[in-house]
Amino acid sequence: MPDAVMRLWRGDVRGGAFREYRVPTEEGMVVLDVIHKIQATQAHDLAVRWNCKAGKCGSCSAEVNGRPRLMCMTRMNLFAAGEPITVAPIKTFPLIRDLVADVSFNYQVAKTIPAFRPGPGEPDGTFRMMQEDIDRGQEFHKCIECFLCQNVCHVIRDHPDNMPFFAGPRFFVRLAALEMHPMDEAARAEYLRLKAGLGFCNITKCCTEVCPEHIKITDNAIIPLKERVVSEHYDPIVWTWRKLTGRK
Amino acid sequence: MASDKYENHEYDVIVIGAGGAGLRAAIEASAQGVKTALICKSLLGKAHTVMAEGGIAAALGNVWPEDNWKVHFRDTMRGGKLLNNWRMAQLHAQEAPDRVKELEAWGALFDRTKDGRILQRDFGGHRYARLAHVGDRTGLEMIRTLQQHAVHKGIDVFMECTITRLLKDGDRVSGAFGYWRETGRLVVFKAKAVVLATGGIGKAWKFGTNSWECVGDGVALALEAGAELIDMECYQFHPTGMVWPPSVRGILVTEGVRGDGGTLKNALGDRFMFKYIPEFFRAETADTEAEADRWYADKKNNRRTPDLLPRDEVARAINAEVRAGRGSPHGGVFLDIASRRDAEYIKRRLPSMYHQFKELADVDITKEPMEVGPTAHYMNGGVRVDADTEATAVPGLFAAGEVAGGLHGANRLGGNSLSDLVVFGRRAGLYAAEYAKVFKGTPTVDAGQAEALARECLEPFERSGGENPYAIHQDLQECMQTLVGIIRTEGELTKALEEIATLRERCRRIRVDGNRQYNPAWHLALDLQSMLTVSEAVTRAALERKESRGGHAREDYPKMDAELGKVNMAVRKVGEELTVTRERIPEMPPDLKKLLEGDK
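As given, the protein sequences belong to chains A and B, one line each in that order. Take 42 as the starting number for the first sequence in this note's numbering and just add one per residue. Take 215 as the starting number for the second sequence in this note's numbering and just add one per residue.
Spelled out as structure tokens, the structure:
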């Protein structure tokens with residue numbers, strides 16, 4: 042097999058550039074394997090964030106040839122042999138060093154989400170829930186928090202100043218999971234409308250396209266949430282009730 | 215105080231590690247009203263728990279009403295070849311159902327039975343279908359549920375922060391010293407109590423299921439602080455990891471494949487497990503293919519398939535088939551579910567496996583068999599703790615989850631790990647909080663101690679030697695893989711000790727370039743110290759146990775030895791040496807003993 046030619050972003054907030062490395066490859070390698078090989082043999086201090094190398098933890102998000110991907114699930118044979126492959130850190134979040142970005146924004150948003158609040162279950166403390174009633178919730182729970190959907194969402198990618206007012210697709214998925222949980226009783230419509238900035242999303246489906254877990258983010262999470270906000274907030278009867286009583 | 219030179223934090227309880235055990239411990243400590251911090255090396259929610267697949271074992275009795283804690287206790291003890299701490303096995307079996315229900319009450323969505331309760335699946339060594347699960351991504355569900363619960367409880371989380379040493383005030387623990395991965399800045403945590411929940415040691419081997427985090431740092435922290443380890447020789451090799459292509463060799467293939475009907479075959483197409491039923495399990499294992507296949511649906515009139523013998527048995531059987539030349543093209547055996555279950559069922563029950571093989575190996579598991587082989591997976595032993603409180607021998611230091619030993623004895627049953635995390639994570643958090651509440655005075659950190667640790671930590675930047683930490687790690691993995699693998703001999707183990715000593719020497723000559731900001735070479739240089747220590751502990755204990763039991767198999771002592779079945783091998787650090795002593799397992803009370811006799 043010909044050597045892989047990798048162009049990796051090296052640098053920090055003060056600046057940086059793509060640097061080229063050549064590495065021998067073997068069958069079945071993924072991009073993360075090649076990065077590790079470079080680390081072990083040529084650039085010991087090359088910063089890269091990873092954990093499981095099995096597509097389950099969502100740590101190794103990067104932009105490979107411009108496309109947001111998990112490095113551990115991107116096979117080298119996806120690319121023409123010997124063609125240079127560019128790997129850059131995910132762009133929407135601030136750079137720490139080399140391929141590592143500061144994704145703390147997401148952990149801040151997570152703190153603000155109204156928590157799961159179940160109603161009373163069975164007398165023995167358990168829930169009775171039918172499989173068909175949790176299928177959709179389970180789809181959302183597949184999320185591995187790789188934040189590729191956040192990275193690609195143009196609401197914050199192109200307009201970082203929206204960040205304080207926008208939760209992003211990952212958290213719409215989380216909110217949809219909570220809202221559709223058969224036992225949940227918390228109210229989140231106002232949060233969705235005012236704090237999460239659901240209205241910013243104009244359903245271009247970029248998030249759905251990059252999701253490594255193939256969650257139908259736009260169709261199954263965001264659109265139903267938008268409908269919920271419309272029916273709860275803009276319902277004329279509810280609206281009149283709010284105006285008359287001053288209650289939410 | 216000179217330690218104020220470093221970033222300083224003070225808590226009642228700090229929990230090191232944010233997998234299932236650490237999260238559950240922090241939630242419990244915080245619920246007890248003490249000031250709690252959670253410190254983790256990765257981002258929150260990325261810990262190794264996220265990779266757990268098959269399920270969490272708990273005798274809920276939803277699928278088989280005959281199941282109860284007593285049967286679970288018996289299965290766990292027999293799976294561990296009776297080396298287990300019986301009190302831990304009892305508490306674990308009794309409390310696991312409540313911990314599963316608690317996860318559900320916190321928002322976890324387990325797969326359902328037809329009447330809307332938590333569904334349970336078959337797994338190795340479990341008499342009844344017992345594992346609550348979410349397809350084959352149960353660990354993700356569990357860590358996310360605990361993570362979100364902890365976040366909503368407002369627990370302080372220190373992410374990407376590595377602890378290199380525990381601090382002590384006299385005999386007792388008084389905090390921890392470490393560094394921020396992002397900046398390389400050093401940090402001191404003062405605490406009345408510390409819970410270790412740092413997970414395993416899998417990165418000492420070449421082919422394994424573990425993430426980079428599993429370097430045994432918690433084990434080394436505990437040893438250094440004066441705690442003891444037990445059962446380190448009984449390391450678990452999971453029977454089914456991927457073997458091809460080379461770059462993914464070792465990645466876990468869940469036991470759920472066999473739980474859901476998959477079977478192991480050799481190159482001749484034989485279901486070879488029928489040839490490897492040990493005497494110990496003969497009475498409860500099917501000896502014909504027909505009975506084994508009937509067992510999935512009718513457990514009353516049939517015995518369990520040998521495909522679901524405990525992991526140690528299956529791993530050794532696969533190893534033997536490959537050695538005998540009946541392996542698959544890439545040095546494993548075949549795991550076939552394609553010919554036994556329909557595609558729809560496979561995709562619904564095992565979505566991650568389907569995805570993993572399709573993307574990484576170009577194999578469609580609904581159409582072809584998988585190639586699998588043993589892979590380093592789990593530390594059955596670990597830091598010795600008190601069964602009820604998870605307290606170690608060091609006052610103020612607690613341990614729970616994979617880092618703690620005792621529950622699993624010589625071999626862990628699949629599914630007993632996730633339940634271990636929440637049962638004993640909760641207990642560790644509870645008793646650490648109680649300890650902190652009655653603690654008199656404030657924890658003090660000796661300034662000189664912090665200074666010395668800082669120097670030690672930064673040494674790799676100062677040296678002139680030319681050793682590369684990645685090369686040393688690779689050599690250690692090679693050594694452990696070939697000399698301290700599934701089957702061991704005295705000669706190989708002795709050779710391993712020599713190699714480990716040489717690697718230790720080389721470690722003193724590691725030179726790290728660049729600066730402290732997110733520098734993985736520096737991180738690895740420090741992690742190597744822990745990996746070498748645990749590797750030595752495993753090897754020394756393995757030399758001392760001159761028998762084969764559970765995860766520990768000796769070619770030169772292939773049988774179980776009744777006398778050695780009555781002792782744990784305890785490892786301590788005395789001066790600069792690791793010592794191994796045989797320590798008697800306390801007598802089991804008659805009521806528990808009776809449960810073991812039962813019907814076989």
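Beta carbons are placed, not taken as given, at the ideal position from N, Cα and C, and that holds for glycine.
Which residue or residues does DSSP assign as beta-bridge partners of Leu-381/B?
The residue labelled residue 381/B in the question sits at position 167 within the second sequence. DSSP lists Gly-389/B as partners of Leu-381/B.
Residues in the same chain with beta-carbon distance under 6 Å from Leu-880/B, minus the five sequence neighbours each way, listed in chain order, please.
Nothing in the structure corresponds to residue 880/B, since chain B is present only between 215 and 814.
Counting only beta-carbon atoms, is Tyr-62/A nearer than 8 Å to chain B?
Here residue 62/A is taken as the residue at index 21 of the first sequence, counted from 1. It does not; no Cβ of chain B falls within 8 Å.
Please report the straight-line C-alpha distance between Val-636/B and Lys-284/A, rounded to a whole angstrom.
Mapped onto the second sequence, residue 636/B falls at position 422. Mapped onto the first sequence, residue 284/A falls at position 243. Distance between the alpha carbons of Val-636/B and Lys-284/A: 48 Å.
To which residues does DSSP link Leu-443/B through a beta bridge?
Sequence index remark: in the second sequence, residue 443/B carries index 229 (1-based). DSSP, once it has assigned bridges, lists Val-597/B and Val-785/B as partnering Leu-443/B.
Under 7 Å between beta-carbons, which chain A residues line up against Lys-315/B? List them in chain order, please.
As a first step, residue 315/B is located in the second sequence; it is residue number 101 there, counting from the start. Neighbours of Lys-315/B on chain A, chain order: Gly-166 and Thr-167.
On the premise that Pro-43/A lies in contact with Gly-99/A, defined as a C-beta separation below 8 Å, what is that separation, rounded to the nearest angstrom?
Indexing the first sequence from 1 puts residue 99/A at position 58. Indexing the first sequence from 1 puts residue 43/A at position 2. Not confirmed; about 31 Å, so no contact.
Flag Glu-67/A as yes if its beta-carbon sits less than 8 Å from any beta-carbon of chain B, otherwise no.
The residue labelled residue 67/A in the question sits at position 26 within the first sequence. Chain B contact via Cβ: present.
Residue range of the alpha helix (DSSP H) that Ala-405/B falls in?
Within the second sequence, residue 405/B is the residue found at index 191, counting from 1. Unbroken run through Ala-405/B is the beta strand (DSSP E), 400-410; no alpha helix (DSSP H).
Can you tell me whether Ile-686/B is helix, strand or coil according to DSSP?
Locating residue 686/B in the second sequence gives position 472, counting from the first residue. Three-state DSSP puts Ile-686/B in a helix.
For Thr-423/B, which of Val-752/B, Val-433/B and Gly-455/B has the nearest alpha-carbon?
One-based indexing of the second sequence puts residue 423/B at position 209. Nearest of Val-752/B, Val-433/B and Gly-455/B to Thr-423/B, Cα basis: Gly-455/B.
Apart from the five residues on each side of it in sequence, which residues of its chain come closer than 7 Å, Cβ to Cβ, to Ile-264/A?
For this step, residue 264/A is matched to residue 223 along the first sequence. Closer than 7 Å at Cβ, skipping near neighbours: Ile-244.
List, in order along the chain, the chain A residues whose C-beta lies closer than 8 Å to that of Ile-465/B?
Here residue 465/B corresponds to residue number 251 of the second sequence, with the count starting at 1. Correct list: Lys-94 and Ala-95.
Along chain B, which residues have their Cβ under 7 Å away from the Cβ of Gln-80/A?
The residue labelled residue 80/A in the question sits at position 39 within the first sequence. Ordered by position in chain B, the residues that pass the 7 Å Cβ test against Gln-80/A are Tyr-684 and Pro-734.
Does the stretch 224-241 of chain B touch the stretch 271-278 of chain A, meaning 3 or more C-beta pairs lie closer than 8 Å?
With the cut-off at 8 Å, the stretch 271-278 of chain A and the stretch 224-241 of chain B do not touch.
Which residues, in order along the stretch 146-163 of chain A, keep a beta-carbon less than 7 Å from a beta-carbon of chain E?
You won't find chain E in this structure, because its protein chains are A and B.
Kindly identify the DSSP beta-bridge partner or partners of Cys-375/B.
Position 161 of the second sequence, counted from the first residue, corresponds to residue 375/B. In the DSSP output, where bridge partners are listed per residue, Cys-375/B has Trp-394/B.
Please report the distance separating the alpha-carbon of Ala-208/A from that of Ala-319/B.
Position 167 of the first sequence holds residue 208/A. Position 105 of the second sequence holds residue 319/B. Distance between the alpha carbons of Ala-208/A and Ala-319/B: 25 Å.
Hey, quick one: how far does the alpha helix (DSSP H) through Asn-192/A stretch, first residue to last?
As a first step, residue 192/A must be located in the first sequence, where it is residue number 151. Its alpha helix (DSSP H) spans residues 189-193.
How about the stretch 463-476 of chain B and the stretch 584-602 of chain B: do they share at least three Cβ pairs that are nearer than 8 Å?
Judged by Cβ distances under 8 Å, the stretch 463-476 of chain B makes contact with the stretch 584-602 of chain B, as three or more pairs qualify.
For Arg-395/B, tell me which candidate among His-737/B, Glu-280/B and Arg-562/B has the shortest Cα-Cα distance.
Residue 395/B sits at position 181 when you count from the first residue of the second sequence. Closest by alpha carbon: His-737/B.
Enumerate in chain order the residues of its own chain whose CB-to-CB distance from Ala-650/B is below 6 Å, with the five nearest sequence positions on each side excluded.
Within the second sequence, numbered from 1, the residue matching residue 650/B stands at position 436. Correct list, in chain order: Asp-226, Val-227, Val-248, Lys-406 and Ala-407.
Mind listing the chain B neighbours of Arg-55/A? Cutoff is C-beta to C-beta under 8 Å, in chain order.
Stepping through the first sequence from its first residue, residue 55/A is reached at position 14. Here the premise fails: no neighbours, minimum Cβ distance about 11 Å.
Listing by chain order, which chain A residues have their CB less than 8 Å from the CB of Ala-319/B?
Counting from 1 along the second sequence, the entry for residue 319/B is found at position 105. Within 8 Å Cβ-Cβ: Pro-159, Gly-162, Gly-166 and Phe-168.
Helix, strand or coil for Asp-813/B, going by three-state DSSP, please let me know.
Taking the second sequence and counting its residues from 1, one reaches residue 813/B at position 599. Any reading at Asp-813/B must be qualified, since the residue scores a pLDDT of 48, below 50, and its modelled position is unreliable; the value itself is stated next. Looking at Asp-813/B - three-state DSSP - the assignment turns out to be coil, as it is neither helix nor strand.
Could you tell me whether the stretch 601-608 of chain B touches the stretch 554-563 of chain B, where touching means 3 or more Cβ pairs closer than 8 Å?
No, the stretch 601-608 of chain B is not in contact with the stretch 554-563 of chain B.
If I measure Cβ to Cβ from Gly-160/A and keep anything under 7 Å in the same chain, skipping five residues before and after, which residues do I get?
Within the first sequence, numbered from 1, the residue matching residue 160/A stands at position 119. Hits under 7 Å: Met-224 and Glu-226.
Short of 6 Å in beta carbon distance, which residues of its chain neighbour Val-409/B, apart from the five on each side in sequence? Order them along the chain.
Your numbering for residue 409/B matches position 195 in the second sequence. Closer than 6 Å at Cβ, skipping near neighbours: Val-229, Ala-239, Phe-612, Ala-642 and Ala-646.
Does Phe-451/B come out as helix, strand or coil in the three-state DSSP assignment?
Position 237 of the second sequence, counted from the start, is the residue given in the question as residue 451/B. Phe-451/B: strand per DSSP, three-state reduction.
Determine contact between the stretch 791-810 of chain B and the stretch 273-293 of chain B, defined as no fewer than three beta-carbon pairs at a distance below 8 Å.
Short answer: they touch.
Which term fits Glu-442/B, buried or exposed, when burial requires 16 or more other beta carbons within 10 angstroms of its beta carbon?
Taking the second sequence and counting its residues from 1, one reaches residue 442/B at position 228. Buried is the call here.
Less than 8 Å separating the beta-carbons of Gly-432/B and Gly-231/B?
Stepping through the second sequence from its first residue, residue 432/B is reached at position 218. Stepping through the second sequence from its first residue, residue 231/B is reached at position 17. Contact flag set, yes.
Under a CB-based cut-off of 8 Å, is Gln-570/B close to chain A?
The count along the second sequence starts at 1 and reaches residue 570/B at position 356. So yes, Gln-570/B belongs to the interface.
For the stretch 342-351 of chain B against the stretch 194-201 of chain A, are there 3 or more C-beta pairs whose distance is under 8 Å?
No: the two stretches stay apart, fewer than three of their Cβ pairs being nearer than 8 Å.
Heavy atom of the ligand NAP less than 7 Å from the Cβ of Ala-405/B, yes or no?
The ligand NAP is not part of this structure, which contains no ligands at all.
Mapping DSSP to helix, strand and coil, what is Lys-417/B?
Stepping through the second sequence from its first residue, residue 417/B is reached at position 203. Correct three-state label for Lys-417/B: helix.
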